[in-house]
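Protein chains in written order, with the working numbering: chain B, 1 to 415; chain D, 1001 to 1415; chain H, 2001 to 2415.
This is how it looks when you write it as structure tokens:
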């Protein structure tokens, strides 16, 4: 409206106290629903996905809340300095900043998945502090120096975050973790709580992958591709889970996690001309691979590589993230004017073959930042000053929370 | 933008591998929030509504997830062949396709409600395969041959889905189901889980009924009417529940289910000139009827008609769906230029009285497809090849899931 | 579209039966996502936040559902008479009416928080009936007579609702409430359920505070300010909780409640030029204050002022609401053309200093209506006709719900 335009014109060049400045435009208001969907994924999706442990639900959802709220403020600063810094040293802030901050935090929450139950809240804050910083640099290199595209963050978010967490977990290896093995499983209701997280992640993933794409067709394509990929992932995850369990029973761990792999794996290519059949194929394969990962690779990693991965982020984020980067590189390299049209090909900075190379390079950058950063931060976290729990107190909320008394004592009282 | 238009112009006539084709327009991006709301209803709403059984929460939310993800892919194909098939044999796909696929799946999930705990996942896949196919034919007849209107699907979704499920349940009657009666109830926390489903269904129903209406006024009206109808349903459902229980206590089953009946019953008429007071009356009556259904009709159906209806879909979907169809027919027949305006009356294909007849005919089609299709599919599901659970294993996740050990063993370990 | 315009033009002056009339415009359809977000906060947010008690989860989420559904219908009438009444005695109804009705209900749900577990459903209906009426009058005075601005309702909703509830709780003081002290705590899973409420409130608060602001920049600013304030609140709430507990453990009550105080406290000023750093400071302070409130003030209120505040709404709504009103008054008074621009200053009815005074006056009105109305309604609720629970039946769903048998009996049956 005229009224609003006048406000905007009036103050943007005047009211600039502190580090931040509003950067508003009418268009961005339309993005608010997409932002709220992403926000739900970060806080309810990741949070409740991590409530599956029988006695670490408070830590799962509570520490997720803490480090996400901390991380997004730090991310606004870090991403602001790299991307939105004006000539006057102020950081512009708008709805896209908020979505990008949530994305940035997602990387650290993925890393938390590998460490769930084995670290203290202070260690998580340190992990987030460094993780957000590394993320901002990595993102700047991938998007602004290499000119790769990564709308849904297969590389920038998932590959980076997963290898960051796995490397930290490798550095913090606990040989005697089996002392708390009695607490490493789930109970009936904690598995149902975790399904809240799974479903909100699954449902809003189309919004996640399309939130910062070019408004219009690109966004539309990204939502459709993600929707299809996720749908086919569910089928193969269930099928493989049933085939590999005794008596054909399903394992809740697979349903909670492997069903999401398809959303990770189309993150990069979702806005490209992946086509519906391409999305279905990617989802189909990732459902199989991710479930097999839970059955074979996670025990292997723990036994031989000394990587203890509580939530199995290697299967849900690392492998599908790398696949997503490769699919993105291939799809970009295979782009042609006959598919995208003369103008459409300008989605890419470079000719298709070269763009494919840049996409592959971006994947390597994400891997290097993840593994390298994780080893570095892991070394810091090994210092004996962070108050991490003893081996037999892992996966136990008693360490960090006032836990209410057992339910078992109620009926006695009530009768 | 020019950029996007150019992409679209460039590739729509070229890039057409596989069965599907993107069909994009700037307008449809605006529909994404509505799509996400419907998506939440299908996966969290229906899923958690079915977690109320003490030992079938995994099956409720997990199988709901499985068959919804399977069904929506099949629905994209089926509905595509009937509605969106281009001259070149490709199916166009856009956000409306995704919403319609979710709607289509809703019919099968309603049917699942009648069978909850008594069928195997393979039977559910078969149910969904046939259900989606029947739905697509029925929808084509109702919308494209009879030219009835049914924005919220009172007839197309709820009446069809409910009678489909009830007919299957009748075919699969288990005389000795009381052998698993110890598992047919809820426990305290499973009832709270079910409230998650109830509330997300209740809250997003305005989006459901308005998702595929004409953008603008029709959508707006549909949302308002649904909101009002649902609000008044809650009051009468609570009142009737209290009056008919001993000591005036409330029954969670009624609160979880009967409070939703108003949303079903305004599905057809929501986009018409039902007017706010009309919506309130419809919701008022349906809250009473649905709650009385749980108290009197469900036991009657089981005892005399041999229809075992686990979730009481007869009370939540079948009766309100039929009422919704009748209300729609009356509202359409009563339309006049003085109400809708000279142009507004063109919402209907025919003059009001005739349109009312077509609406009534559509209701009959939905009933026939539901009952007929259910008997047919029920006969198929009676074949002894589908691995259905024994009578004393019904309502028990142990049959199909790796269930974690009892919570009761925790405190002993922890002390 | 032309079609829709024609409908609108055609019927608005004709179809007017009953009390209500649709009032539609194309613009408002865009508001639907914001409405759905607010709706989620009212029903899932408030509802699940109140499930934390070990044996009052049904009452928390169920009665919340009941009185919200009742209250919003009454609010449509009440607010309609004050704000949207046409010359012909009809009330116009559109998406903004629905959002405002939800806002109005929020005040009563806040009041319920103080009384949770100690009142009967009939008392809650009476509380809501009077609460909505008082709210409508108070809102009319503040917005339409005093011309104060209060987009997120720090004063109109939170201050009024909290003091209304606290005054009623004072009138209904139960000296022997410790007879049900065994039920006043939480259990492990009920605390996780409450986190569902916390997170949905926290996540959608940016939509809440921006839902009825001027479309465009004001809405945008409100969302950003709320997002930042809430993020910083989480950090200080966690920090203070840890510092004041023995062994540095976190208390779930603080995480569930105090993390939300920042959203309350920027409610009034969110659409003003509070600036990002201002929002962060407000959130920072409120996190500290609210957590200290749970530790020191709630026991003090109960012991010396005889106010029993089950959910601690004094810390989450009353104090932050008053702070929000003060921050709003200061921000308004400090407005200058150099900040808002010549036109922007017209956001206010009066010159800045005077507007600040009006804002402060509005806060007093909210306080008076809350305390005065609460004492009045509390006196009514003390009549011995409402079926309130005995002191030793408080916080117990058994009084009003058919509660399923104990979980403890399952394993015995299953073995």
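Glycine residues also receive a C-beta, built at the ideal position from the N, C-alpha and C atoms.
For residue 1042/D, which option in 1386/D, 1054/D, 1101/D, 1139/D has the closest C-alpha, if you only look at C-alpha atoms? Nearest of 1386/D, 1054/D, 1101/D, 1139/D to residue 1042/D, Cα basis: 1101/D.
request  = Would you tell me roughly how many angstroms separate the C-alpha atoms of residue 414/B and residue 1068/D, rounded to the nearest one?
outcome  = Unreliable positioning characterises residue 414/B in this predicted model, as indicated by a pLDDT of 42, which lies under 50. The coordinate reading is nonetheless provided below. About 41 Å.
Requested in this report: Could you work out which residue in 108/B, 55/B, 52/B is closest to residue 75/B when comparing CA atoms only?
Outcome: Its Cα nearest to that of residue 75/B, the residue 108/B stands out among 108/B, 55/B, 52/B.
Residue 941/D burial status per 10 Å Cβ neighbour count (16 or more: buried): In the structure as shown, chain D starts at 1001 and stops at 1415, and residue 941/D therefore has no counterpart that could be examined.
| query | At what residues does the alpha helix (DSSP H) containing residue 297/B begin and finish? | reply | Going by DSSP, residue 297/B is part of no alpha helix (DSSP H) at all; its letter is neither H nor E.
Using 8 Å for Cβ pairs, my map puts residue 114/B next to residue 166/B. What's the rounded Cβ distance?
Right, the Cβ-Cβ distance comes to about 6 Å (below 8 Å), so this counts as a contact.
One question on the structure: do residue 2297/H and residue 2240/H come within less than 8 Å of each other, judged by their Cβ atoms? Residue 2240/H is positioned such that its CB atom lies no closer than 8 Å to that of residue 2297/H.
Exercise for review: Pull up the CB-CB distance for residue 2197/H and residue 2047/H, whole angstroms please, since I reckon it's below 8 Å.
Suggested key: Their Cβ separation, rounded to whole angstroms, is 6 Å, which keeps residue 2197/H and residue 2047/H in contact under 8 Å.
### Message
So, with DSSP's three-state summary, where would you put residue 1307/D?
### Response
In this structure, residue 1307/D counts as coil in the three-state DSSP scheme.
Which residue's Cα is closest to the Cα of residue 257/B: 266/B, 202/B, 299/B? Ranking 266/B, 202/B, 299/B by Cα distance to residue 257/B puts 202/B first.
I need the straight-line Cα distance from residue 1321/D to residue 1148/D, nearest angstrom please. Their Cα atoms are separated by approximately 15 Å.
Which whole-angstrom value describes the C-beta separation of residue 1116/D and residue 1310/D, a residue pair presumed to lie in contact below a C-beta threshold of 8 Å? Right, their Cβ atoms sit about 4 Å apart.
| task | Return no unless some Cβ of chain H is closer than 8 Å to the Cβ of residue 1223/D. | result | With 8 Å as the cut-off, residue 1223/D counts as an interface residue toward chain H.
Over the uninterrupted beta strand (DSSP E) stretch that includes residue 2092/H, give me the two end residues. DSSP places residue 2092/H in the uninterrupted beta strand (DSSP E) bounded by 2091 to 2093.
Practice problem: Measure the CB-CB distance between residue 1229/D and residue 1194/D and report whether it falls below 8 Å. | Solution: Result no, Cβ atoms of residue 1229/D and residue 1194/D do not sit closer than 8 Å.
Quiz item: From residue 1373/D to residue 1134/D, what distance separates their C-alpha atoms?
Solution: One C-alpha to the other measures close to 7 Å.
TODO: Specify, as a first and last residue, the run of the alpha helix (DSSP H) that residue 2394/H falls within.
DONE: First-last for residue 2394/H: undefined, no H or E at that position.
Check whether the Cβ atoms of residue 1052/D and residue 1397/D lie closer than 8 Å to each other.
Going by C-beta atoms, residue 1052/D is not nearer than 8 Å to residue 1397/D.
Per DSSP, residue 2250/H forms a beta bridge with which residues? According to DSSP, residue 2250/H bridges with 401/B.
- prompt: Around the C-beta of residue 2385/H, are 16 or more other C-beta atoms found within 10 angstroms, so that it is buried, or is it exposed?
  reply: With fewer than 16 other Cβ atoms within 10 Å, it is exposed.
Can you find the residues in the same chain that come closer than 8 Å, C-beta to C-beta, to residue 2034/H, ignoring five residues on each side of it along the sequence? These residues qualify, in order along the chain: 2099, 2207, 2210, 2211.
Would you say residue 1313/D and residue 1171/D are within 8 Å of each other, going by their C-beta atoms? In this structure, residue 1171/D does not lie closer than 8 Å to residue 1313/D by Cβ.
Going along the region 2060 to 2086 of chain H in order, which residues come within less than 7 Å of chain D, judged by CB to CB distance?
For the region 2060 to 2086 of chain H, the set of positions with a beta-carbon nearer than 7 Å to some beta-carbon of chain D reads 2061, 2062, 2065, 2066, 2069, 2070, 2072, 2073 in chain order.
Exercise for the section: Return the Cβ separation of residue 1259/D and residue 1234/D in integer angstroms, given the expectation that the two are a contact with Cβ distance under 8 Å. Expected result: Confirmed, about 5 Å.
*Going along chain B in order, which residues have a C-beta closer than 9 Å to the C-beta of residue 1095/D?*
Chain B residues near residue 1095/D: 220, 223, 224.
- Message: Against chain B, does residue 2231/H count as a neighbour if the rule is that its beta carbon must be under 8 Å from one of theirs?
- Response: Output row for residue 2231/H: interface = yes.
| query | To the nearest whole angstrom, what separates the beta carbons of residue 366/B and residue 146/B, a pair I think is in contact under 8 Å? | reply | Wrong, their Cβ atoms sit about 10 Å apart, outside the cutoff.
Note to self: I want to check one thing, is the minimum distance from the CB of residue 1060/D to the heavy atoms of the ligand ADP below 7 Å?
What the structure shows: Summarising the ligand content, the structure contains no ligands, and the ligand ADP is consequently not present.
Excluding the five sequence neighbours on either side, which residues of its own chain have a C-beta within less than 6 Å of the C-beta of residue 2031/H, listed in chain order?
Answer for residue 2031/H: 2095, listed in chain order.
_Please report whether the beta-carbon of residue 355/B lies at a distance below 8 Å from any beta-carbon of chain D._
Residue 355/B does not count as touching chain D.
Practice task
Would you mind giving the Cβ-Cβ distance between residue 1154/D and residue 1267/D, rounded to the nearest angstrom? I have them listed as a contact below 8 Å.
Solution key: The beta-carbon distance between residue 1154/D and residue 1267/D, rounded to whole angstroms, is 3 Å. This is short enough to meet the 8 Å contact definition.
Inset, instruction - Give a yes or no on whether 8 Å exceeds the smallest Cβ distance from residue 1202/D to chain H. - result: Chain H, which has a Cβ nearer than 8 Å to the Cβ of residue 1202/D, makes this yes.
Can you name the start and end residues of the alpha helix (DSSP H) that residue 388/B belongs to? Neither: residue 388/B is in no alpha helix (DSSP H) and is coded neither H nor E.
- Message: Spatial neighbours of residue 359/B within its chain, please: C-beta separation below 6 Å, excluding the five flanking residues on both sides.
- Response: If we look at residue 359/B and ignore the five residues flanking it on each side, its Cβ neighbours are 148, 328, 329, 332.
Requested in this report: Work out the CA separation of residue 380/B and residue 371/B for me, nearest whole Å.
Outcome: A straight-line Cα-Cα distance of about 14 Å links residue 371/B and residue 380/B.
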